[in-house]
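With this note's numbering as the guide, the letters of the sequence shown map in order to residues 8 to 382. Where is the CB? At the ideal position from N, CA and C, for every residue including glycine.
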Amino acid sequence: MSHSLAPRALGLLTLTLALAACATPGPVDCPPCARPPVSAEADHADATALSLPRLPSWGMKYAGTPSADIPRLNIDAVMAAHGLRRDQAVELQNHFFDRRRAAPTTDAQLQFEEALSLARADKFEDRRDLQRLRERDFIVVFDLDDTLYDQYRASAECHDLVVNPPGADKPRYIKLAPGWDAAIKKIHELGGAVALFSANLDDNVLENTAAWTLDGAPLRDHPMIAGVLSNSHLIQESAAPPVAGGKRRAPVTEPSKDLRIFDPALARVIIVDDNPTRLFQFRNTRVTKKFHADRYCAGDAGEKAAHERVLPTVVRELEESIVYARANKVDFATAYLPYSALGQLTVRALVDAGAAPADAIARVRQQPELVEDDF
Ligand SMILES: [Mg+2]
């Protein structure tokens, strides 16, 4: 055996031993099993080394679709390796996914490097208004499907918008949730920024927000909209601590919306969303009843009225909260905490114990530690 072959033989031996260990079922942590290295070179390339191992397909609802075809990046590792902000690292993932899908046989590392240079230069695929996101007192992120619109239960008889997707044989009908436009305008007037974040596929979101207009301007280009994010911006997060020696944390297994993209401190941002299963920051989450077009169009007066109150109710909470935040010099997320998914539970418990609703809300704002950090 020549000297140059010795390290390679040692490597193969290590790999063989690791695989043998993995073949034995047991409670042992076995990280090499999740992603055996194809070659030493590939494993050192960022595109591979900075990706999270894919979950088994039985655990992925959307396995086999474009939302699950490429492993998501380890965002903390990307930030550390390349000195990026979180919004840049997530945008790198978005650019990288676009390139992988457009040219799956091209060298992944090359595509990663292209995506990296775009992200580093603050080149966002959407018209991201970084200045507004940084400077406004508060940011409201709206989910789309079942929150601001319904594109699955709308019909020729019940819709506000028709989209003709390229290559599709029939039009896509969309019904907009009552009060969507007043909500965006009021938030703008109150000094807030609005962003849209859908878990739906990138093309679907791009097509819909190009056809959907506010005062004649497509939503995706509208100056009142500070960003439009979609499936390629969803993140997963390992339970492993981002810094050596840290505590293990709850993993984010379902690709999810990370509000730190908009505000790393989570002090000024909330999301309004019907679906908490793709979220993990529940002190900053307002869960709403689903807007379903068929129910809305066919419902009786009571059901219709209930749908019509959902967004105006959120707007009233936002207004009351920003007034409180400014008067009391607290951050917006603390002022809004009583209305958040976790905060509502504490308010409810205080009311059940005899407090008046207004007093319960005031108490949560003064003692935000009464609200748990997580479920
Ligand atoms: Mg939704």
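For THR113 and ASP76, the rounded distance between their alpha carbons: Locating residue 76 in the sequence shown gives position 69, counting from the first residue. Locating residue 113 in the sequence shown gives position 106, counting from the first residue. Computed Cα separation, rounded: 15 Å.
If I follow the unbroken beta strand (DSSP E) through SER239, where does it start and stop? Taking the sequence shown and counting its residues from 1, one reaches residue 239 at position 232. No beta strand (DSSP E) holds SER239; DSSP gives it neither H nor E.
Notebook entry, point to check: Where does ILE368 land, buried or exposed, given buried means 16+ other C-beta within 10 angstroms?
Noted result: Residue numbering aside, residue 368 sits at position 361 when the sequence shown is read from its first letter. Of the residues assessed, ILE368 falls on the buried side of the cut-off, its CB having 16 or more other CB atoms within 10 angstroms.
inquiry  = Quick check: the Cα distance between ALA189 and GLU327, rounded to an integer number of angstroms?
reply    = Residue numbering aside, residue 189 sits at position 182 when the sequence shown is read from its first letter. Residue numbering aside, residue 327 sits at position 320 when the sequence shown is read from its first letter. C-alpha separation (whole angstroms): 16 Å.
(request) Please report the residue range of the beta strand (DSSP E) in which GLY199 lies. (result) Position 192 of the sequence shown, counted from the start, is the residue given in the question as residue 199. That run of the beta strand (DSSP E) goes 199 to 204.
Exercise. Determine the closest residue to ASP136 out of ASP157, LEU203 and CYS304, with distance taken between C-alpha atoms.
Key: Taking the first residue of the sequence shown as 1, we reach residue 136 at position 129. ASP136 has its Cα closest to that of LEU203, out of ASP157, LEU203 and CYS304.
Check your understanding: Can you check whether the CB of VAL97 is closer than 8 Å to the CB of ILE232?
Key -> In the sequence shown, residue 232 corresponds to position 225, counting from 1. In the sequence shown, residue 97 corresponds to position 90, counting from 1. No, the pair does not count as a contact, with Cβ atoms beyond the cut-off.
query: Cβ-heavy atom distance between ASN282 and ligand 1 below 7 Å?
result: Walking along the sequence shown from the start, residue 282 turns up at place 275. Yes - ligand 1 has a heavy atom lying nearer than 7 Å to the Cβ of ASN282.
Item to complete: Could you tell me which of PRO173, ALA200 and VAL317 sits nearest to ALA217, measuring between CA atoms?
Response: Taking the sequence shown and counting its residues from 1, one reaches residue 217 at position 210. Comparing Cα positions, the closest option is PRO173.
Determine whether the beta carbon atoms of HIS240 and ASN101 lie at a separation below 8 Å. Taking the first residue of the sequence shown as position 1, residue 240 is located at position 233. Taking the first residue of the sequence shown as position 1, residue 101 is located at position 94. Taking 8 Å as the cut-off, the Cβ atoms of HIS240 and ASN101 count as close.
Checklist entry - With LEU385 and PRO375 assumed to form a contact (beta carbons below 8 Å), what rounded beta-carbon distance in angstroms separates them? => result Nothing about residue 385 can be read from this structure; the chain reaches only from 8 to 382.
From LEU197, THR72, SER245 and VAL147, pick the residue whose C-alpha is nearest to that of GLY234; which is it?
By one-based count along the sequence shown, residue 234 stands at place 227. Here the closest residue by C-alpha is VAL147.
| said: Please determine whether the Cβ atom of THR292 lies at a distance below 7 Å from any heavy atom of ligand 1. | reply: For this step, residue 292 is matched to residue 285 along the sequence shown. Answer for THR292: no, Cβ out of range of ligand 1.
### Message
So the candidates are PRO271, ASN335, ARG355 and GLU324; which of them puts its Cα closest to the Cα of ASP83?
### Response
Stepping through the sequence shown from its first residue, residue 83 is reached at position 76. Nearest of PRO271, ASN335, ARG355 and GLU324 to ASP83, Cα basis: PRO271.
If I'm right that ILE278 touches THR292 with Cβ under 8 Å, what's the distance once you round it to whole angstroms? As a first step, residue 278 must be located in the sequence shown, where it is residue number 271. As a first step, residue 292 must be located in the sequence shown, where it is residue number 285. Indeed, because the Cβ distance is near 6 Å, the residues count as touching under 8 Å.
Helix, strand or coil: how does DSSP classify PRO39 here?
Against the sequence shown, residue 39 aligns to sequence position 32. With a pLDDT of 39 at PRO39, under the threshold of 50, the modelled position of this residue cannot be trusted; read the value that follows with caution. Note: PRO39 maps to helix in three-state DSSP.
Helix, strand or coil: how does DSSP classify THR295 here? Taking the first residue of the sequence shown as position 1, residue 295 is located at position 288. DSSP, read as helix, strand or coil, puts THR295 in coil.
Cα-Cα separation between ALA312 and ASP301, rounded to whole angstroms: Taking the first residue of the sequence shown as 1, we reach residue 312 at position 305. Taking the first residue of the sequence shown as 1, we reach residue 301 at position 294. If you draw a straight line from the Cα of ALA312 to the Cα of ASP301, it comes to about 14 Å.
ask   = Taking DSSP as the reference, what is the three-state secondary structure of THR31?
value = What you label residue 31 is simply residue 24 of the sequence shown in a count that begins at 1. In this predicted model, THR31 has a pLDDT of only 37, less than 50, meaning its place in the structure is not dependable enough to derive any value.
Between GLN288 and LEU266, which are expected to be in contact by the criterion C-beta below 8 Å, what is the C-beta distance as a whole number of angstroms? Here residue 288 is taken as the residue at index 281 of the sequence shown, counted from 1. Here residue 266 is taken as the residue at index 259 of the sequence shown, counted from 1. For a cut-off of 8 Å, the C-beta gap from GLN288 to LEU266 is around 5 Å, short enough to register as a contact.
- Query: DSSP on TYR159, reduced to helix/strand/coil?
  - Reply: Numbered from its first residue, the sequence shown carries residue 159 at position 152. TYR159 falls in the coil class under three-state DSSP.
Check each candidate in PHE131, GLN158 and THR260 and name the one with the smallest Cα separation from TYR69.
-> Position 62 of the sequence shown, counted from the start, is the residue given in the question as residue 69. With distances taken between Cα atoms, TYR69 lies closest to THR260.
- Message: Let me check understanding here. Comparing Cα to Cα, which of TYR303, GLN158 and GLU142 lies closest to VAL276?
- Response: Counting from 1 along the sequence shown, the entry for residue 276 is found at position 269. It is GLU142.
*With respect to the alpha helix (DSSP H) encompassing LYS182, which residues constitute its N-terminal and C-terminal limits?*
Reading the sequence shown from its first residue, position 175 is the one you call residue 182. Not the alpha helix (DSSP H): LYS182 falls in the beta strand (DSSP E), residues 179 to 183.
message: Quick check on ARG323: buried or exposed, where buried means 16 or more other Cβ atoms within 10 Å of its Cβ?
response: Mapped onto the sequence shown, residue 323 falls at position 316. Label assigned to ARG323: exposed.
### Query
Does the stretch 251 to 258 come close enough to the stretch 113 to 131 that 3 or more CB-CB pairs lie under 8 Å?
no
(message) Measuring straight from C-alpha to C-alpha, what distance separates PRO39 and LEU91?
(response) Position 32 of the sequence shown, counting from 1, holds the residue named residue 39. Position 84 of the sequence shown, counting from 1, holds the residue named residue 91. Interpretation of PRO39 is limited by its pLDDT of 39, a score under 50 that renders its predicted location unreliable; the figure taken from the coordinates is listed afterwards. Approximately 27 Å, taken between the alpha carbons.
*asked:* Once DSSP output is grouped into helix, strand and coil, what is the label at SER46?
replied: Position 39 of the sequence shown, counted from the start, is the residue given in the question as residue 46. Because SER46 sits at a pLDDT of 43, beneath the cut-off of 50, its placement in the model cannot be relied upon, and the following sentence gives the value as read from the coordinates. In the three-state scheme derived from DSSP, where H, G and I count as helix and E and B as strand, SER46 is classed as coil.
Next on the checklist: I'd like to check one pair, TYR303 with LYS177: are the Cβ atoms closer than 8 Å?
Outcome noted: To locate residue 177, count along the sequence shown from 1; it is residue 170. To locate residue 303, count along the sequence shown from 1; it is residue 296. Taking 8 Å as the Cβ cut-off, LYS177 and TYR303 do not qualify as a contacting pair.
What first and last residue would you give for the alpha helix (DSSP H) that runs through VAL259?
Taking the sequence shown and counting its residues from 1, the one referred to as residue 259 is at position 252. First-last for VAL259: 259 to 263, but that is the beta strand (DSSP E), not the alpha helix (DSSP H).
* Asked: Where does THR112 fall in DSSP's three states?
  -> Counted from its first residue, the sequence shown places residue 112 at position 105. THR112: coil per DSSP, three-state reduction.
*asked:* Assuming the contact rule is C-beta atoms closer than 8 Å, PRO60 and LEU208 should be a hit. Round their C-beta distance to whole Å, please.
replied: Counting from one through the sequence shown, the residue named residue 60 turns up at place 53. Counting from one through the sequence shown, the residue named residue 208 turns up at place 201. Not quite, the Cβ-Cβ distance comes to about 23 Å (not below 8 Å), so this is no contact.
| In angstroms, rounded to a whole number, what distance separates the CA positions of GLU219 and LEU226? | For this step, residue 219 is matched to residue 212 along the sequence shown. For this step, residue 226 is matched to residue 219 along the sequence shown. The amino acid at residue 219 is misidentified as Glu; the sequence shows Trp. For TRP219 and LEU226, the distance between alpha carbons rounds to 6 Å.
Next on the checklist: For a minimum of 3 consecutive residues, which ranges assigned as the beta strand (DSSP E) are wholly contained in the stretch 115 to 148?
Outcome noted: none
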